[in-house]
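What follows is a set of notes on a single structure, which appears directly below.
In the working numbering, the protein residues as written are 4 to 44.
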């Protein structure tokens with residue numbers, strides 16, 4: 004497993020979390036941190 008040394012914290016509105024879950028499901032991803040990291044980079 005990769006080691007990460009920095010944390011970035013974000014807050015989402017409840018409706019944004021639902022949208023995020025929907026997009027993760029469409030992409031076939033279960034790990035939210037990995038999904039957000041991939042989308043950000």
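Cβ atoms here follow ideal geometry from the backbone N, Cα and C, with glycine treated the same way.
Quick caveat, the model's predicted, so the values are computed rather than measured.
query: What are the boundary residues of the alpha helix (DSSP H) that residue 36 is part of?; result: 35 to 43
query: With DSSP run on the structure shown, which of helix, strand or coil describes residue 28?; result: helix
query: Less than 8 Å between the CB of residue 41 and some heavy atom of the ligand GTP, yes or no?; result: For the structure depicted, the ligand GTP is absent and the ligand set is empty, with no information on it obtainable.
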